[in-house]
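Participant: Chains A and B supply the protein sequences, listed in that same order. Residue 0 is where the first sequence starts when you use numbering that gives the first Met the number 0, and the numbers rise one by one after that. Residue 0 is where the second sequence starts when you use numbering that gives the first Met the number 0, and the numbers rise one by one after that. Just passing along the structure, written as structure tokens.
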Amino acid sequence: MLEIKTVTNCKIKDLGLIPYNEAYDIQKSHVDAVLNGEPQTVLFCEHPSVFTLGRLAKEENFLIPQDEILSRGIQICHINRGGDVTLHSPGQLVIYPILDLTNLGKDLRSYMRTLEQVAIDLLCDFDIVANRFEGQTGVWVSNQKIASIGIGVRKWISFHGLAINVNTNLDLFSMIRPCNLDVEITSVSKIKGRFIIMDEVKRRVVNHLSQNFNLRFI
Amino acid sequence: MESIVLPELGEGIEKATVACLDCQVGDLVQADEDLIEMVTDKATFNVSASQSGKVKEILVKEGQEVEIGKTLILIETGHAI
Numbered sequence: 000m001l002e003i004k005t006v007t008n009c010k011i012k013d014l015g016l017i018p019y020n021e022a023y024d025i026q027k028s029h030v031d032a033v034l035n036g037e038p039q040t041v042l043f044c045e046h047p048s049v050f051t052l053g054r055l056a057k058e059e060n061f062l063i064p065q066d067e068i069l070s071r072g073i074q075i076c077h078i079n080r081g082g083d084v085t086l087h088s089p090g091q092l093v094i095y096p097i098l099d100l101t102n103l104g105k106d107l108r109s110y111m112r113t114l115e116q117v118a119i120d121l122l123c124d125f126d127i128v129a130n131r132f133e134g135q136t137g138v139w140v141s142n143q144k145i146a147s148i149g150i151g152v153r154k155w156i157s158f159h160g161l162a163i164n165v166n167t168n169l170d171l172f173s174m175i176r177p178c179n180l181d182v183e184i185t186s187v188s189k190i191k192g193r194f195i196i197m198d199e200v201k202r203r204v205v206n207h208l209s210q211n212f213n214l215r216f217i
Numbered sequence: 000m001e002s003i004v005l006p007e008l009g010e011g012i013e014k015a016t017v018a019c020l021d022c023q024v025g026d027l028v029q030a031d032e033d034l035i036e037m038v039t040d041k042a043t044f045n046v047s048a049s050q051s052g053k054v055k056e057i058l059v060k061e062g063q064e065v066e067i068g069k070t071l072i073l074i075e076t077g078h079a080i
């Protein structure tokens with residue numbers, strides 16, 4: 000885990016439900032802003048259903064023809080994050096921390112472990128015991144994956160980030176082998192057997208980001 | 000001559016794969032300009048020029064796995080941009 004001694008300022012911006020590509024452009028502008036000395040920013044959002052493929056994605060991880068996916072109105076985007084194919088969909092909280100990793104020891108693995116800890120701490124608030132899975136990146140509840148991570152780093156400024164299934168329609172995951180794994184996906188809602196209020200989740204995530212990354216939200 | 004090397008990316012990360020070359024031999028590049036995108040299992044990382052100059056040699060190919068510390072690109076410095 001990271002030992003971060005310096006408190007750094009950070010803004011929060013909630014983009015709401017926003018198409019993937021629009022949110023990506025906003026991420027890029029915030030990366031440039033941080034490089035120009037402006038405060039770090041954490042972006043919250045949800046995306047209309049979209050499958051995204053990271054740099055190492057294998058096309059065979061689509062379990063149905065891509066034409067069929069597109070005909071159902073679900074987008075497919077090839078993007079510049081690490082990792083394989085994943086799904087973003089309404090009800091999934093997507094967190095894009097645009098942070099200066101020079102404050103965090105320039106350690107990509109520690110950064111991702113700390114993102115995992117944010118998800119683990121959040122789930123603990125809902126009395127859900129979540130863990131890492133040895134040799135994998137992400138967060139699991141028992142043997143079901145609940146949160147995924149894929150990051151990009153430019154001049155040590157992070158983008159992309161963490162996706163936590165809160166109220167996500169999990170049926171859509173059956174169209175892919177998420178993250179190149181034969182794994183079942185779960186959500187907070189499925190585990191708790193009720194709809195989860197997203198604003199409550201966001202408030203708690205802000206708290207855990209602040210604690211784990213030593214951020215002062217301004 | 001300036002050697003652009005794959006920097007330390009953190010504990011336990013010993014290598015990365017060349018995802019995309021953003022320059023060609025002969026290109027004039029500026030300090031801080033992105034030259035190459037590397038990828039690990041869950042992260043992408045842009046390596047940029049430390050000084051302005053001309054791309055003299057590219058020592059890696061897209062898809063190639065590279066160890067931390069290996070020279071990726073040689074930049075001939077002293078070229079006016």
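Quick reminder that beta carbons are idealized off the backbone N, C-alpha and C, glycines included. This one's a predicted model, so the numbers in the text were calculated from it and none came from an experiment.
Comparing C-alpha positions only, which one of A:Thr113, A:Ile175, A:Val165 and A:Ile17 sits nearest to Ser209 of chain A?
Facilitator: A:Thr113
Participant: At the level of alpha carbons, what is the spacing between Phe43 of chain A and Lys14 of chain B?
Facilitator: 31 Å
Participant: Beta-carbon separation of Val65 of chain B and Gln23 of chain B under 8 Å?
Facilitator: With respect to Gln23 of chain B, Val65 of chain B sits apart: the two C-beta atoms are not nearer than 8 Å.
Participant: Ordered along the chain, which non-local residues of its own chain (more than five positions away) have a Cβ less than 6 Å from that of Asn8 of chain A?
Facilitator: Pro38, Arg215 and Ile217
Participant: Which two residues bound the contiguous alpha helix (DSSP H) that contains Glu1 of chain B?
Facilitator: No alpha helix (DSSP H) holds Glu1 of chain B; the beta strand (DSSP E) holding it covers Glu1 to Val4.
Participant: Strictly under 8 Å for the Cβ-Cβ distance: is Ile74 of chain B near chain A by that measure?
Facilitator: no
Participant: For Gly149 of chain A, which residues of its own chain have a beta-carbon under 6 Å away from its beta-carbon, when the five flanking residues on both sides are left out?
Facilitator: Gly53, Arg80, Gly81, Gly82 and His159
Participant: Three-state secondary structure (DSSP) at Asp40 of chain B?
Facilitator: coil
Participant: In this structure, does DSSP put Thr136 of chain A in helix, strand or coil?
Facilitator: coil
Participant: Taking the beta strand (DSSP E) that Leu84 of chain A falls in, what are its first and last residues?
Facilitator: Checking the displayed sequence, the identity of residue 84 of chain A turns out to be Val instead of Leu. Here the beta strand (DSSP E) through Val84 of chain A covers Val84 to His87.
Participant: By Cβ distance, which residues of its chain are closer than 8 Å to Ile12 of chain B, with the 5 residues on each side in sequence left out?
Facilitator: In chain order, Thr39 and Ile67 place their CB closer than 8 Å to the CB of Ile12 of chain B, counting only its own chain and leaving out the 5 sequence neighbours on each side.
Participant: Chain B beta carbons: is any one of them nearer than 8 Å to that of Asp106 of chain A?
Facilitator: Interface residue, yes.
Participant: Got a sec? Which residues, its chain only, sit under 7 Å from Ile195 of chain A by beta carbon, not counting five neighbours each side?
Facilitator: Val165, Asn166, Val187 and Ser188
Participant: Against Ser47 of chain B, what residues of chain A qualify as contacts under a CB-to-CB distance less than 7 Å, listed in chain order?
Facilitator: Lys154
Participant: Which of the three DSSP states is assigned to Arg219 of chain A in this structure?
Facilitator: There is simply no residue 219 of chain A to check, as chain A begins at 0 and stops at 217 in what is shown.
Participant: Could you name the residues of the same chain whose beta carbon sits closer than 6 Å to that of Trp139 of chain A, not counting the 5 residues immediately before and after it, in chain order?
Facilitator: Asn130 and Phe132
Participant: Any idea what DSSP makes of Thr76 of chain B, helix, strand or coil?
Facilitator: strand
Participant: Under 8 Å by Cβ, that's how I've got His87 of chain A and His29 of chain A pegged, so tell me the actual separation to the nearest angstrom.
Facilitator: Actually they are not in contact, since the Cβ atoms of His87 of chain A and His29 of chain A sit about 18 Å apart, beyond 8 Å.
Participant: Closer than 7 Å between beta carbons: that is the criterion. Which residues of the segment 130 to 162 of chain A meet it against chain B?
Facilitator: Thr136, Ile148, Gly149, Ile150, Gly151, Val152, Arg153 and Lys154
Participant: Hey, quick one: how far does the beta strand (DSSP E) through Leu14 of chain A stretch, first residue to last?
Facilitator: Thr7 to Leu16
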